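Engineer: Residue numbers (UniProt numbering): 1 to 538.
Got a structure here, written out as structure tokens. Questions coming.
Given below as structure tokens:
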């Protein structure tokens with residue numbers, strides 16, 4: 001969470017039917033088609049619809065065609081793309097929103113042979129027969145999604161593939177369509193179909209078997225029965241609440257103290273309903289030269305998030321950086337379909353680097369009433385102290401992806417070392433790592449302020465609100481204590497800054513602005529004794 005993205009700046013080249021090559025200087029995240037479209041040559045040479053455009057990449061045995069919504073971050077520096085346009089439609093995917101283009105390492109990119117494999121040679125695999133003129137289709141997807149999801153979102157494959165397998169052209173190793181794409185990077189495959197299978201039933205059965213198998217794989221065989229029961233409890237809660245959990249996330253929950261209490265508390269329908277309602281105020285934060293993260297509506301058109309998302313600008317020392325930083329706040333990013341998202345531009349208002357927070361001010365559109373209707377209610381009036389029972393739930397956008405929830409439990413200060421040792425119990429031989437992390441926690445200058453817990457919410461979730469079991473918000477999810485050995489970029493415990501502490505600092509900053517102070521009081525102190533007691537001091 002504490003790591004920063006480098007500024008988005010790279011270069012690739014394109015050519016059309018002639019041998020003339022044009023340079024594309026890409027300075028912000030976008031799709032390949034969006035990067036190419038501004039070229040006058042493109043407008044002159046390409047007369048058809050976007051779905052008719054063919055984008056070739058590579059040559060010879062490595063020749064492939066990428067979808068028009070291919071992320072610019074997945075194109076290598078100085079790569080040459082060849083652009084052409086066909087008479088018929090070759091792609092029907094909804095073009096990916098440029099505001100949701102991630103860095104390269106968030107994706108897995110692989111290749112599908114246009115010639116079908118076993119039992120698929122006569123099967124229609126693509127919506128357009130034109131695609132068979134090329135050797136491979138280049139397919140991509142965010143790490144964590146399945147092969148079937150990647151092909152469905154690609155837009156060039158038929159919608160009735162059913163159950164299928166990918167066979168690696170080099171080593172003949174098979175990958176089921178229900179498997180995640182994380183390990184397919186840069187590999188080439190053929191699509192193969194089962195002989196005479198009822199594809200719909202087969203697909204459902206394989207998905208169920210695959211999930212069950214992943215749940216049952218545990219290193220300690222003696223704990224299998226207990227683990228399966230606990231995992232089932234987690235997944236049942238996840239299904240009821242709309243939480244999306246992968247196996248690693250499930251296992252991290254199992255390591256949390258008081259798992260039974262967490263499960264019981266956050267499975268009560270009225271609490272789940274309240275959390276889902278409040279989570280509408282949680283938003284995705286993105287923009288040029290900033291790290292993608294999470295935020296939530298504070299009050300009116302003000303949004304709270306982490307300051308370290310803006311490290312590039314803060315380090316620049318520019319006196320007016322807060323005026324030139326362009327930020328986009330995205331609400332309703334809850335599926336990868338991008339159909340219901342609301343995007344609003346924002347500017348930096350105030351903040352404090354020590355407490356790692358920044359407050360953004362949403363810009364009003366030409367229709368101010370429309371902007372106000374797009375902004376969910378603020379959570380300032382629900383600020384409260386760290387819960388005595390320790391029950392907590394983080395809501396955010398981990399991995400710069402769709403919104404997720406993670407029920408957890410606060411780790412008390414005197415139990416942090418115990419939690420570190422427990423979380424790394426499988427790596428006891430890495431005593432240097434254990435010692436280094438425990439020392440970092442003990443020497444942390446904010447150790448008496450920060451609230452610690454276990455969470456799978458890593459990169460992209462900075463700025464998430466942390467709720468208690470009763471819908472009060474007590475923390476700004478900020479970071480974690482990371483280690484590189486034995487598993488790079490993994491956090492052993494995570495932390496947040498208390499929102500009441502941030503609120504005090506915010507009042508210090510705005511105390512000279514009577515109008516703002518009055519509005520904050522109006523939005524925050526009604527029926528909230530915790531905020532009222534702080535406000536009275538000022």
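Using N, Cα and C, we set each Cβ at its ideal position, and we do this for glycine too.
Because the structure is a prediction, the values reported are computed rather than measured.
Please work out which residues of its chain come closer than 7 Å, Cβ to Cβ, to residue 72, disregarding the five sequence neighbours upstream and downstream, and give them in chain order.
Structural biologist: Hits under 7 Å: 26, 29, 30, 31, 32, 35, 101.
Engineer: Rounded to whole angstroms, what's the CA-CA distance from residue 148 to residue 446? Just pull it up for me.
Structural biologist: Each residue's alpha carbon lies about 45 Å from the other.
Engineer: May I ask you to report which of helix, strand or coil DSSP gives residue 111?
Structural biologist: Strand at residue 111.
Engineer: Between which residues of its own chain and residue 19 is the CB-CB distance below 7 Å, once the five residues before and five after are set aside?
Structural biologist: Within the same chain, residue 19 has no close Cβ partners at all.
Engineer: Can you round the beta-carbon distance between residue 344 and residue 304 to whole angstroms, since I take them to be within the 8 Å contact cut?
Structural biologist: Not really, about 15 Å apart at Cβ, beyond 8 Å.
Engineer: Let me check one thing: in DSSP terms, what residues is residue 12 bridge-paired to?
Structural biologist: 24, per the DSSP bridge assignment.
Engineer: To which residues of the same chain is residue 320 closer than 7 Å at the C-beta, ignoring the five residues directly before and after it?
Structural biologist: Nothing listed; no residue qualifies.
Engineer: Identify, in the order they occur along the chain, each residue of the same chain with its Cβ nearer than 6 Å to the Cβ of residue 516, setting aside the five sequence neighbours on each side.
Structural biologist: Cβ within range, chain order: 510.
Engineer: For residue 104, does the count of other Cβ atoms within 10 angstroms reach 16, so buried, or fall short, so exposed?
Structural biologist: By the 10 Å Cβ count, residue 104 comes out exposed.
Engineer: Distance check for residue 77 and residue 216, CA to CA, integer angstroms please.
Structural biologist: Any reading at residue 216 is ruled out, since the residue's pLDDT is 46, under 50, leaving its predicted position unreliable.
Engineer: Relative to the C-alpha of residue 478, which candidate in 302, 422, 292 has its C-alpha closest?
Structural biologist: Closest by alpha carbon: 292.
Engineer: According to the neighbour-count rule (16 or more other Cβ atoms, all chains shown, within 10 Å of its Cβ), is residue 87 buried or exposed?
Structural biologist: Exposed: under 16 other Cβ atoms inside 10 Å.
Engineer: Do you know how far the Cα of residue 398 is from the Cα of residue 56?
Structural biologist: Approximately 32 Å, taken between the alpha carbons.
Engineer: Taking 8 Å as the cut-off, does the segment 308-328 touch the segment 347-364 (at least 3 CB pairs, one atom from each stretch)?
Structural biologist: The answer is yes - the segment 308-328 touches the segment 347-364, with three or more Cβ pairs under 8 Å.
Engineer: Go ahead and pull the three-state DSSP assignment for residue 134.
Structural biologist: The answer is coil: DSSP assigns residue 134 none of H, G, I, E or B.
Engineer: State the DSSP-derived secondary structure class of residue 495, mapped to helix, strand or coil.
Structural biologist: Correct three-state label for residue 495: strand.
Engineer: Return the chain-ordered list of same chain residues with a C-beta closer than 7 Å to the C-beta of residue 155, the five sequence neighbours on each side being excluded.
Structural biologist: So the qualifying residues of the chain are 67, 91, 92, 93.
Engineer: Could you tell me the boundaries of the alpha helix (DSSP H) in which residue 70 lies?
Structural biologist: Residue 70 -> no alpha helix (DSSP H), and no H or E assigned at all.
Engineer: If residue 441 sits next to residue 481, beta carbons under 8 Å apart, how far is it from one beta carbon to the other, in whole angstroms?
Structural biologist: Yes, they are in contact, since the Cβ atoms of residue 441 and residue 481 sit about 6 Å apart, within 8 Å.
Engineer: Would residue 118 be called buried (16 or more neighbouring beta carbons within 10 Å of its own) or exposed?
Structural biologist: The residue in question, residue 118, is exposed, as its Cβ has fewer than 16 Cβ neighbours within 10 Å.
Engineer: DSSP three-state label for residue 178, please.
Structural biologist: Coil at residue 178, not helix or strand.
Engineer: Given 8 Å as the limit, is there contact between the segment 273-285 and the segment 384-398, that is, 3 or more CB pairs closer than that?
Structural biologist: Contact holds: three or more Cβ-Cβ distances are below 8 Å.
Engineer: Whole angstroms are fine: how far does the CA of residue 421 sit from the CA of residue 512?
Structural biologist: When rounded, the distance between both Cα atoms is 47 Å.
Engineer: Of the choices 170, 171, 163, 289, whose alpha-carbon is the least far from that of residue 192?
Structural biologist: Residue 192 has its Cα closest to that of 163, out of 170, 171, 163, 289.
Engineer: Along the beta strand (DSSP E) that carries residue 303, what are the first and last residues, could you check?
Structural biologist: Segment 302-305, the beta strand (DSSP E) holding residue 303.
Engineer: If the criterion is Cβ atoms closer than 7 Å, does the pair residue 13 and residue 80 meet it?
Structural biologist: Going by C-beta atoms, residue 13 is nearer than 7 Å to residue 80.
Engineer: If you run the structure through DSSP and keep just helix, strand and coil, what is residue 65?
Structural biologist: Here residue 65 sits in strand by DSSP.
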